[in-house]
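So the protein sequences, as listed, match chains G and P. Each residue of the first sequence is one higher than the one before, starting from 1 at the first, in the UniProt record's numbering. Each residue of the second sequence is one higher than the one before, starting from 1 at the first, in the UniProt record's numbering.
There are 2 protein chains.
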Amino acid sequence: MPGHRSITEAEKLAEAKLGGIPLRHDQMAVVANIYRAASAVRQHLENSVLRGVDLTWTAFVVLWVIWVWGESETRHVAEEAGISKGTLTGVARTLERRGLVQRADHPADGRLVLLSLTDQGEELMRRVFPAFNEEEAFVTGQLSDEQCGIVAAGLRQVVLQVEENGETRRQALLGGAAPAPRRSGRRRKA
Amino acid sequence: MPGHRSITEAEKLAEAKLGGIPLRHDQMAVVANIYRAASAVRQHLENSVLRGVDLTWTAFVVLWVIWVWGESETRHVAEEAGISKGTLTGVARTLERRGLVQRADHPADGRLVLLSLTDQGEELMRRVFPAFNEEEAFVTGQLSDEQCGIVAAGLRQVVLQVEENGETRRQALLGGAAPAPRRSGRRRKA
DNA sequence: ACCGTACAATTTGGACCCGAACGATTGCGT
DNA sequence: ACGCAATCGTTCGGGTCCAAATTGTACGGT
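And the structure:
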């Protein structure tokens, strides 16, 4: 197992660096590999099916969400796509410019904006998604259906843990102290 | 196997959208959850231990790589950190400006640049990494050590599949055609 | 000594990314 | 009727991200 080796090697070096402090190896390996896998999968998808239709990963995910859920409020789209509201504004603008998405005012609540696919966007997804799913099958090609189920279930546990207990955990870590603002980001005007 | 099906609503909607075309559900669930988990974990780490010391995820990973491997050539750091050389140049500049990293010319090969931690950077990692590992344990808190091992092994298979067969696969998909340049990014001058 | 190729890091351009600040709109309480 | 806190989407600042273009160094062959 070539790929496996370099990670454990790093872990050993890290433990040596830390002297006697015990590390949670298995947990560390999960996090490290989640990220490696996410990058690898994203890279492969972008450089195969997505590149040809000039979509980034994020743009595709946004399209997918709108496609599957139908016309939706932007906050829901951002939530489902896993990006911030601010990011969605930019991505939606890009997609709108390319004629794949259209925006509409909410009939009852003037604060809301609704996003939906244009005919062109709909046609694009109908064409691209099967190819996308095909590559999802490729990247998981070394795993059986059953193994896929097990891995997916384990990952779901991680997502749930963070979503359900993350906020509480972060509060506890900071011990009621101020959450420390980002160094970057917008400043108050005056 | 416990805990089946939760993402399936979106999957069913997608299948309905596609009419008769069969979807690879289990494979789709793995990819979707890899990305959700990666985002959730990154978000939690950035908003807990990393925020307090004003480090982004990427910046931390870069520091970690240099810390564990010692003084290294930039190309190796980029490779290990999972980012492009171009990105590393910017990140390294940021870290250098903050006095956590220093660069040095390679003694023998004038093309190479070596990165190493400053004393301050070393001290920071010794302080931050245990807290980081603690949160890695938190996010995987719903999984046993054994389950962690299984999930990590599964993810490693995904990484390996892409790294070993990805290039060939992409070639086959494009059928020898030109790889289609990104719409974004630098253009030819004239 | 001079080529040309190979390979190094950096620069550059467009898109993405978060989260604080902001302006607009809502709806609740008075 | 009238604030006024809550919540929406957008703007903005600092930074990340990739890949093509660029700049610079190394080294083989002549």
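Here a beta-carbon is modelled for each residue, glycine too, at the ideal position from N, C-alpha and C. Quantities reported herein were computed from a predicted structural model and do not represent experimental measurements.
Identify, in the order they occur along the chain, each residue of the same chain with its Cβ nearer than 6 Å to the Cβ of residue i, setting aside the five sequence neighbours on each side.
i	result
Val30 (chain P)	none
Val128 (chain G)	Val53
Gly70 (chain P)	none
Ala131 (chain G)	Val49
Ala104 (chain P)	Leu114
Pro2 (chain G)	In this prediction, Pro2 (chain G) has a pLDDT of 43, which is less than 50 and means its spatial position is unreliable; what the coordinates show is noted afterwards. So the list is empty, once near-sequence residues are dropped.
Ala78 (chain G)	Lys85, Leu88
Leu23 (chain P)	Glu15
Leu143 (chain G)	none
Ala38 (chain G)	none
Considering only residues of the same chain and omitting the five flanking positions on each side of residue i, which have a CB-CB separation below 7 Å?
i	result
Gln102 (chain G)	Glu96, Ser116, Thr118
Val139 (chain P)	Val41, His44
Gly121 (chain G)	Leu63, Leu100, Val101
Cys148 (chain P)	Thr140
His25 (chain G)	Glu11
Assign residue i to one of two classes, buried (16 or more other C-beta atoms within 10 Å of its C-beta) or exposed (fewer than that).
i	result
Ala167 (chain P)	For the sequence presented, residue 167 (chain P) should be read as Glu rather than Ala. Label assigned to Glu167 (chain P): exposed.
Glu135 (chain P)	buried
Gly175 (chain P)	exposed
Arg156 (chain G)	buried
Asp145 (chain P)	exposed
Asp109 (chain G)	exposed
Val185 (chain G)	Reading off the sequence, residue 185 (chain G) comes out as Gly, not Val. Exposed: under 16 other Cβ atoms inside 10 Å.
Gly154 (chain G)	buried
Gln171 (chain G)	exposed
Ala180 (chain G)	exposed
Arg93 (chain G)	exposed
Arg182 (chain P)	exposed
Arg169 (chain G)	buried
Arg188 (chain P)	exposed
Ile21 (chain P)	exposed
Quick check on the DSSP output: the alpha helix (DSSP H) that includes residue i runs from which residue to which?
i	result
Asp26 (chain P)	25-45
Asp119 (chain P)	119-139
Arg183 (chain P)	From DSSP, Arg183 (chain P) is part of no alpha helix (DSSP H); its letter is neither H nor E.
Gln157 (chain G)	145-174
Arg75 (chain G)	74-81
Glu96 (chain P)	85-97
residue 199 (chain P)	The displayed coordinates of chain P run from 1 to 190. Any statement about residue 199 (chain P) would go beyond what the structure contains.
Going along the chain, which residues of its own chain have a beta-carbon closer than 8 Å to the beta-carbon of residue i, five neighbours each way excluded?
i	result
Thr89 (chain G)	Thr74
His106 (chain P)	Glu73, Leu112, Val113, Leu114
His4 (chain P)	The predicted model places His4 (chain P) with a pLDDT of 45, which falls under 50 and marks its position as unreliable, so this point remains unresolved.
Lys17 (chain P)	none
Thr58 (chain P)	Ala81, Ile83, Thr87, Val91
Ile34 (chain G)	Leu155, Val158
Met28 (chain G)	Glu11
Val125 (chain G)	A small correction: the amino acid at residue 125 (chain G) is Met; Val does not occupy that position in the sequence shown. Within the same chain, Met125 (chain G) has close Cβ partners Leu63, Trp64, Trp67, Leu117.
Asn133 (chain P)	none
Val151 (chain G)	Leu143
Where does the unbroken beta strand (DSSP E) through residue i begin, and where does it stop?
i	result
Val101 (chain G)	101-105
- Query: If you measure beta-carbon to beta-carbon, which residues of the region 12-30 of chain P are closer than 8 Å to chain G?
  - Reply: Leu13, Ala14, Lys17, Leu18, Ile21, Leu23, Arg24, Asp26, Gln27, Met28, Ala29, Val30
- Query: Which residues, in order along the region 37-56 of chain P, keep a beta-carbon less than 8 Å from a beta-carbon of chain G?
  - Reply: Ala37, Ala38, Ser39, Ala40, Val41, Arg42, Gln43, His44, Asn47, Ser48, Val49, Arg51, Gly52, Asp54
- Item | Near-chain G residues of the region 131-144 of chain P - C-beta to any C-beta below 7 Å | Asn133, Glu136, Ala137, Phe138, Val139, Thr140, Gly141, Gln142, Leu143
- Scan the region 148-163 of chain P for residues whose Cβ lies nearer than 9 Å to a Cβ of chain G and list them as they occur along the chain. Cys148, Gly149, Ile150, Val151, Ala152, Ala153, Gly154, Leu155, Arg156, Gln157, Val158, Val159, Leu160, Gln161, Val162, Glu163
- Mind listing which residues of the region 83-107 of chain P have their C-beta closer than 9 Å to chain G's C-betas, in chain order? Ile83
- Which residues, taken in chain order from the region 65-80 of chain G, show a beta carbon closer than 8 Å to some beta carbon of chain P? Trp67, Val68, Trp69
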